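Protein chains: 2
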Amino acid sequence: MSFRTIEWRDDAVIMIDQTRLPGEEIYNTYTDFKAVADAIRGMIIRGAPAIGVAAAMGIALGARNIIADTHESFFRQLENVCDVMAHTRPTAINLFWGIQRMRQVAEANRDKKLEQIREILKKEAIRIEEEDLTICRNIGKWGATLIPEGATVLTHCNAGGLATAGYGTALGVIRAAHEAGKNIRVFADETRPWLQGARLTAWELMKAGIPTTLISDNMAGFFMQRGEITCCVVGADRIAANGDTANKIGTYSVAVLAKENNIPFYVAAPVSTLDLTLSDGSKIPIEERPASEVTHIKGIAIAPEGVSVRNPSFDVTPARYISAIITENGIVKDDFRTELRRIAGA
Amino acid sequence: MSFRTIEWRDDAVIMIDQTRLPGEEIYNTYTDFKAVADAIRGMIIRGAPAIGVAAAMGIALGARNIIADTHESFFRQLENVCDVMAHTRPTAINLFWGIQRMRQVAEANRDKKLEQIREILKKEAIRIEEEDLTICRNIGKWGATLIPEGATVLTHCNAGGLATAGYGTALGVIRAAHEAGKNIRVFADETRPWLQGARLTAWELMKAGIPTTLISDNMAGFFMQRGEITCCVVGADRIAANGDTANKIGTYSVAVLAKENNIPFYVAAPVSTLDLTLSDGSKIPIEERPASEVTHIKGIAIAPEGVSVRNPSFDVTPARYISAIITENGIVKDDFRTELRRIAGA
């Protein structure tokens, strides 16, 4: 990869600032867990798997800086660190998954010295990042089998290297198909209001040399209707036990349009995105973000002052619109309720 | 109305500059037909009925400025004026309708003196503008019967006072329901890339005191899915004989989502928007506009330099998604092919 989304280096966390792409390629350095929490909240880093990694690294940073005489004090403070991380963003389950994994590792090593626990947490966070890269490559490998030679693939938002430790889920599928020598093209929805498609997906696919055409979200239907889209591939922020999938706002519309035009609609996500505790998507909490994301672009007003705004950041695509869910452990095409459980090893 | 979209005053054409709204409320003065053509092309004025009026007024201006010794010379130059107007934008049929009406009036008065013909053309252009206001009020009157008390109405783009001589087609329906004392609310799609919804619809509905919530285009499905939208009302740029309707890009997506969620989807347009010469929507020419509309907002880049872009400005909604077409002569609900012909008096 020609960029690094997030890494642990010299006892600090380094992230590429996704609020400034594609105009500026700036790497921020974090040494404080609260700053990492702010970075997640402010979308310096975003994308479900990436914020799982960021939360884990934030906790490792937090653990490093805890001043404690006793294990009890350390663990009480560590719990506070986890709690701060858990209150950054509500929808992506990977955040809570990453936090839970760090919490469990700490608990499992409670009998060790504090210095050792801090080191173990650091190593665990780095392991989560490294594993994510492997997971994405496996998602890509499975998913590429679904992409025909000569395909034009529509994607929404950025489920790319920037949304993960570096290869991507939906874009991992696209990258793997491209690397397998398939002659494919991508249509990228710009993805209002935050413009992840225009700013991030177009940028990273251009870097990867994959032919990409940028469109505004409301054009996807036009190209589907004309037969110019072969299939759709998107990521996920949380997948309920029945396959209902929360993903970036607008995903539901893409899925409905795909179904209406008989175009396969694929979701690509690691198993850590599954939330088998939720029977269906209606239980997934949907974040609403500030009105200014809709009314302003780079600080410039594009709407009348004082206008009312709604800004739900995610929507839920019912499982019946999803042709397949692509995970690192394989592809699930039907009977989601049974098959997702099986593939998760749950 | 608290603004004037277009008017003829002191032998000049005055238009509110829609590229600068809502930030600046500036009225431009035109005394040259080529400048009017540029204003249409550059979307200083837009909206199918409004560009029909603008084309007519542009022709009246052109006729005024023609220097000719003979009728033959005058009519040859007038034909050139019409031709320049016809090459501004391709999709809205009202443009060609306005031009044709001016051409016919000129022809019908060929035996009069040139000064008289110029005066007749000026009066005809003003009449087209005045008629449009009456037409919109009638569209509103019919359409309001379809809007239930307490409704939340979704609209796309701006089919408002700014898109007509001053009351609106889709927004005319909304205005009329509001004026009838119905307690209604509006969700306005921002309508990328040109942001007609954010910049124009939100602005004019706020001025009218109608509660309006701005959303990005890809959020419409979310609110439909949640049962928060009662019905959709949009305008039209051209309606084929079978009811297939070309309108602002994204309209097709709204229609598909509405159907999927069992929400009525209405098209409001004057009879002059009908193109009975086209058997269906596949024959409607679709304008593609510059990439910069997608990659830049107010001159600021929001995408990587050099990215490929597609920018179709309209799409075609097949008649099967349309619950009713609302015209000044009444509402057509089914059997579009027969009923549209009847209502047009054709």
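Taken in order, these protein sequences are the chains called A and B.
So the number in my numbering is just where the residue sits in the first sequence, counting from 1, plus 2.
So the number in my numbering is just where the residue sits in the second sequence, counting from 1, plus 2.
Glycine included, C-beta positions come from ideal geometry on N, C-alpha and C.
Computed from a prediction, not measured in an experiment: that's the story for all the values here.
Using a Cβ-Cβ distance cut-off of 8 Å, determine whether Asn-220 of chain A contacts chain B.
At least one chain B Cβ lies under 8 Å of Asn-220 of chain A.
Where does Asp-317 of chain B sit, in a helix, a strand or coil, going by DSSP?
Here Asp-317 of chain B sits in strand by DSSP.
Unbroken alpha helix (DSSP H) run spanning Asp-85 of chain A, endpoints:
Taken as a continuous stretch (DSSP letters only), the alpha helix (DSSP H) holding Asp-85 of chain A covers 73-88.
Taking only runs that begin and end inside the stretch 126-159 of chain A, name each unbroken beta strand (DSSP E) of 3 or more residues, in chain order.
Taken in chain order, the complete beta strand (DSSP E) segments of 3 or more residues contained in the stretch 126-159 of chain A are 154-157.
Closer than 7 Å by beta-carbon distance: list the chain B residues that pair up with Ile-251 of chain A, in chain order.
Simply Asn-220, Met-221 and Phe-224.
Supposed close pair Thr-166 of chain A, Pro-24 of chain A - CB separation, criterion 8 Å:
Rounded, the Cβ-Cβ distance is 18 Å, inconsistent with contact.
DSSP puts His-351 of chain B in a beta bridge; with which residues?
Absent from the structure is residue 351 of chain B, since the part of chain B shown begins at 3 and ends at 348.
My parser needs the beta strand (DSSP E) runs of 3 or more residues fully inside the stretch 227-256 of chain A; what are they?
Runs found: 233-236, 240-242 and 247-250.
Please decide whether Leu-259 of chain A counts as near chain B, where near means a Cβ-Cβ distance under 8 Å.
Yes, Leu-259 of chain A counts as interfacial toward chain B.
Looking at C-alpha atoms only, which residue of A:Ala-178, A:His-158, A:Lys-184 and A:Asn-220 is the closest neighbour of Gly-199 of chain A?
Ranking the options by Cα distance to Gly-199 of chain A, first place goes to A:His-158.
Taking Cβ-Cβ distances shorter than 7 Å, what residues in chain B pair up with Leu-148 of chain A?
Within 7 Å Cβ-Cβ: nothing; Leu-148 of chain A doesn't reach chain B, min ~24 Å.
Mapping DSSP to helix, strand and coil, what is Ser-284 of chain B?
Correct three-state label for Ser-284 of chain B: helix.
Just the C-alpha distance for Ile-101 of chain B and Tyr-32 of chain B, rounded to the nearest angstrom, thanks.
Here the alpha carbons of Tyr-32 of chain B and Ile-101 of chain B stand approximately 18 Å from one another.
Closer than 8 Å to chain B by CB, Asp-277 of chain A:
For Asp-277 of chain A, no CB of chain B lies under 8 Å from its own CB, so it is not counted at the interface with that chain.
First and last residue of the uninterrupted beta strand (DSSP E) at Asn-30 of chain A
Unbroken beta strand (DSSP E) run through Asn-30 of chain A: 29-32.
If you measure from the beta carbon of Lys-300 of chain B to each beta carbon in chain A, is any gap under 8 Å?
Taking Cβ atoms only, chain A reaches closer than 8 Å to Lys-300 of chain B, which makes this a yes.
Contact criterion: CB-CB distance below 8 Å. Does Ile-217 of chain A meet it with respect to chain B?
So, interface residue.
Please state the DSSP three-state secondary structure of Phe-5 of chain A.
The three-state reading of DSSP puts Phe-5 of chain A in coil, since its state is none of H, G, I, E or B.
Please name the residue, chosen from A:Thr-7, A:Ala-348, A:Trp-144 and A:Val-256, that lies closest to Val-334 of chain A on a Cα-to-Cα basis.
Ranking the options by Cα distance to Val-334 of chain A, first place goes to A:Trp-144.
Inter-residue CB distance, Met-59 of chain A and Thr-21 of chain A (contact presumed, cutoff 8 Å):
The pair is not a contact, with the Cβ atoms about 19 Å apart (cut-off 8 Å).
7 Å Cβ cut-off: residues of chain A touching Ile-304 of chain B
For Ile-304 of chain B, the chain A residues whose C-beta falls within less than 7 Å of its own C-beta are Leu-197, Ala-200, Arg-201 and Ile-299, listed in chain order.
Limits of the unbroken beta strand (DSSP E) element including Gly-332 of chain B:
Residue range 332-334 is occupied by the beta strand (DSSP E) that includes Gly-332 of chain B.
Which term fits Tyr-268 of chain B, buried or exposed, when burial requires 16 or more other beta carbons within 10 angstroms of its beta carbon?
With a threshold of 16 other beta carbon atoms within 10 Å, Tyr-268 of chain B meets it and is buried.
Run through DSSP, which three-state label would Glu-26 of chain A get?
It is coil, neither helix nor strand.
Select from B:Pro-320, B:Glu-27, B:Thr-297 and B:Pro-150 the residue whose C-alpha is nearest the C-alpha of Thr-193 of chain A.
If we check each option's Cα against that of Thr-193 of chain A, B:Thr-297 comes out closest.
Is Gly-245 of chain B closer than 8 Å to Ala-321 of chain B when the C-beta atoms are compared?
In contact: Ala-321 of chain B and Gly-245 of chain B (Cβ atoms closer than 8 Å).
At a CB-CB cut-off below 8 Å, which residues of chain B make contact with Val-296 of chain A?
The answer, in chain order, is Glu-192, Ala-200, Leu-216, Ile-217 and Ser-218.
Identify the contact partners of Ala-204 of chain A in chain B, using a Cβ-Cβ distance below 7 Å as the criterion.
Simply Ala-305, Pro-306 and Val-309.
Quick one, which residues of the stretch 312-346 of chain B are near chain A if we go by CB-CB under 9 Å, in chain order?
From the stretch 312-346 of chain B, only Arg-312, Asn-313, Pro-314, Phe-316, Asp-317, Val-318 and Pro-320 have a Cβ closer than 9 Å to chain A.
Using beta-carbon positions only, say whether Val-273 of chain A and Tyr-323 of chain A come within less than 8 Å of one another.
Using a Cβ distance threshold of 8 Å, Val-273 of chain A and Tyr-323 of chain A do not count as a contacting pair.
Check whether the Cβ atoms of Ala-270 of chain A and Val-175 of chain A sit closer than 8 Å, and answer yes or no.
A Cβ-Cβ contact shorter than 8 Å links Ala-270 of chain A with Val-175 of chain A.
What number of angstroms, rounded off, separates the C-alpha of Asn-30 of chain A from the C-alpha of Asp-12 of chain A?
Distance between the alpha carbons of Asn-30 of chain A and Asp-12 of chain A: 13 Å.
So who's on the other strand from Ala-270 of chain A, going by DSSP bridges?
Note: Ala-270 of chain A sits in a beta bridge opposite A:Ile-328.
Find the nearest neighbour of Asn-160 of chain B within the set B:Ala-94, B:Gly-49, B:Glu-132 and B:Thr-329, judged by alpha-carbon distance.
Closest by alpha carbon: B:Gly-49.
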